[in-house]
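The sequence shown begins at 1 in the UniProt record's numbering and counts up one residue at a time.
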Amino acid sequence: MPAARPARATDATISFGGQTHMSGFFGQILQGVLGGGQQQGQASVLNTILQQVLSVREGDQQGIPAIIAKFQNAGLGDHVQSWIGTGPNAPVSPQQVGSVFSMQQIMEWAQQFGITPEVLQNLLAQGLPQVIDHLTPQGQVPSQPPEAGDLAGVLGRILGGSSRPA
1 MPAARPARAT
11 DATISFGGQT
21 HMSGFFGQIL
31 QGVLGGGQQQ
41 GQASVLNTIL
51 QQVLSVREGD
61 QQGIPAIIAK
71 FQNAGLGDHV
81 QSWIGTGPNA
91 PVSPQQVGSV
101 FSMQQIMEWA
111 QQFGITPEVL
121 QNLLAQGLPQ
131 VIDHLTPQGQ
141 VPSQPPEAGD
151 LAGVLGRILG
161 GSSRPA
């Protein structure tokens, strides 16, 4: 059984839109990327976006295993493994996210959620490492996509700035 990952703070310095922000991880991303407003409403939008992304298929895989396969196929397997493993999360750029998901898929998702493809790629680049980190406790990869309630709980912990459970 893998060693428990030490708890990590989720506060980060985040740059988007030419500005640098420091706060509870997704709170600042959501305010900047999704235009401010109530954090609960933003969390709902983010939950919907991530639920959609985490439901993708890659071959016969779905959920986090499919995300892992997509990153591996794009030459970014070490990145996604760091999110699952017990060490620090390797960052991923919006351009790398664009190499993982097809531009057609990114454009469809962006249109569905009323944001630009660039904003979506930035959101996924900042969010996927943290979300996958939280959804893989002790390095265990779930075989099914997360339930909406599970994802909402993860987002609540991240938005609240709490550490990942060991």
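For glycine and all other residues, C-beta sits at the position ideal for the given N, C-alpha and C. Only a predicted model underlies this, so the values are computations on that prediction, with no experimental measurement involved.
| Asked | Found |
| --- | --- |
| Same chain, Cβ closer than 8 Å to Lys70, five either side skipped, listed in chain order | Val56, Glu58, Val100 and Phe101 |
| The segment 59-66 contacting the segment 104-123, beta-carbon criterion three pairs below 8 Å | no |
| Reduced DSSP secondary structure (H/G/I, E/B, other) of Gln140 | coil |
| Met107 beta carbon less than 8 Å from that of Pro117 | yes |
| Per-residue burial, Asp133 [other beta carbons within 10 Å of its own, 16 or more giving buried] | buried |
| Residues near Arg157 in its chain [Cβ-Cβ closer than 6 Å; skip 5 each side] | none |
| Exposed unless 16 or more other CB atoms sit within 10 angstroms - verdict on Val154 | buried |
| Presumed contact (8 Å Cβ cut-off) between Asn73 and Ser82, rounded CB distance | Incorrect: roughly 17 Å between the Cβ atoms, too far for contact. |
| Contacting residues, own chain, Cβ-Cβ under 6 Å from Gln61 (five flanking each side not counted) | Ala69 |
| Host alpha helix (DSSP H) of Leu76 (start-end) | Element bounds for Leu76: n/a, residue is neither H nor E. |
| Three-way DSSP call (helix, strand, coil) for Gly24 in this model | Confidence in Gly24 is poor, its pLDDT being 48 and thus under 50, which makes the residue's placement unreliable; the coordinate value appears in the next sentence. Reduced to three states, the DSSP call for Gly24 is coil. |
| Contact check, Val53 vs Leu76, beta carbons under 8 Å | no |
| Neighbour-count burial assignment, Gln130, 16 or more Cβ in a 10 Å radius | buried |
| For Asp133, the first and last residue of its enclosing alpha helix (DSSP H) | Pro117 to Leu135 |
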